[in-house]
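Residue numbers 19 to 407, in our numbering, belong to the letters of the sequence shown in order.
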Amino acid sequence: MHFILRRIMENKKKVIGYVSEKNPFTDRKAWSGSIFKIREGIENAGYEVKWICSQPSSLKKFLCRSIVKMLYRHIKITYNRHYCRLSACSVNKEDYEGCDYLFVACNSCLLPYLPENIPIILYTDATCHLLMGYYWKKNLPLKTIRHSEACERAGILRATLNLRSSHWAANSVINDYGYDPKKTYVIEFGANIDDHDLVPNQLNYVEGECVNILFSGVEWERKGGDIAVETVRLLNEQGIRARLFIVGIRELPRQYERLPYIDYVGFLNKNDSEQYRRYVRLWQEAHLFLLPTQAECAGIVYCEASAYGVPIFTYDTGGTGDYVIDGVNGYKLPAGAAAADFAACIKRNLNAASLQALHDGGLRLYKEKLSWPAWSRRFREIMEENGMG
């Protein structure tokens, strides 16, 4: 009997408590869809997932946000200890029962207020140190900077394992916060599109025909929308028929509304089946993906481009280097590159041999490390390596 019970316990799945304000079983929008996909990835790695809701009441959240805004100007709410303590206190303590581990995504400052007796896995795409002056352009008061950095440091040091979506972020955990490099790992995101819709793009470019270039981004300025438009204008000026399909932004800048080489699609909600299908078709009909982004922690859209085998042209910035490898699935241009440089790079590769090589390289890279199945395999390896399998 004892032997049977021991075997049952050995085969029983470990339970991971997923601490999140958003429901990882139903919310497909939170953190660009990653909260949902990560939960699937953990389950596919062989663990049972239990949602631990850390959502404060609307009234408490409003009051806390208002107070924090007065005390710490321009601070992101999740980098404030008062709000994180409120979130932790909002958890039903009974929800922790039966959890072998806790998992927290994109909210490191929450960790110091979680139970001390349960190991915690922290997974995110940046650190406070990296975001200062990069994503966060405002001149933050010194008081705000110190508060945010202290919260970040406490969260990172509390984690049992620190997982990051790029070497850029992982190196910051080690170098800027002094965390153990042996407990710091890189595990790239996957594509936030359903597996059955990830059918490789079979669209072949024929010289002389129009080249379809896709641009996808919600923040026009940060994603380099003006550079993308100018790049396509230059290609047309140089005799290459090119059309830019713009998706993500809610309103196209007025100066671009009547340009003949612009096809404005707008914002598409993946939770709406018709809009989701339109988004998938755009990938299936694209020859190239152009994203001259000024700041990028990881870029799930790079995973989606590689899943369809669409060559990528972007900047070498942030965590991009783990998702776009020069000559494999696209090219990264230096930060000072102009639209003329992007046009020249695209022009050099606008031939059947180069496009096919980048297409094949993208599919290979997607299979190896830019898919959620690859994420699950890597997550399992990391957990087993640390005796948490």
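Every residue gets a Cβ at the ideal spot worked out from N, C-alpha and C, and that includes glycine.
Per DSSP, Asn-180 lies in no alpha helix (DSSP H); the unbroken beta strand (DSSP E) holding it starts and ends at 179-182. Exposure of His-185 is indicated by the presence of fewer than 16 other C-beta atoms within 10 angstroms of its C-beta.
DSSP places Lys-161 in the uninterrupted alpha helix (DSSP H) bounded by 160-176. Here Thr-202 carries a strand assignment [DSSP, helix/strand/coil]. Contact between the stretch 103-114 and the stretch 125-135 is present: three or more C-beta pairs spanning the two stretches fall below 8 Å. Around the C-beta of Met-88, fewer than 16 other C-beta atoms lie within 10 Å, and the residue is accordingly described as exposed. For Phe-285, the closest alpha carbon among the candidates Leu-308, Tyr-223, Arg-296 and His-214 is that of Arg-296. Contact between Leu-306 and Ile-231 holds: CB atoms are separated by about 5 Å, below the 8 Å threshold.
With a contact defined as Cβ atoms closer than 8 Å, Leu-351 and Asp-334 qualify at about 7 Å. DSSP places Cys-127 in the helix class (H, G or I) of the three-state scheme. In the three-state scheme derived from DSSP, where H, G and I count as helix and E and B as strand, Leu-351 is classed as strand. Beyond the five residues adjoining it in sequence on each side, Lys-32 comes within less than 6 Å, by CB distance, of Tyr-65 and Asp-118 in the same chain, given in chain order. Judged by their CB atoms, Gly-173 and Cys-127 are nearer to each other than the 8 Å cut-off. Under DSSP, Thr-332 shares a beta bridge with Leu-309 and Lys-350. Ala-361 is the residue among Glu-225, Gly-379 and Ala-361 whose C-alpha sits nearest the C-alpha of Arg-251.
Check the Cα spacing between Glu-170 and each of Glu-237, Asn-157, Val-37 and Met-150: the tightest is with Met-150.
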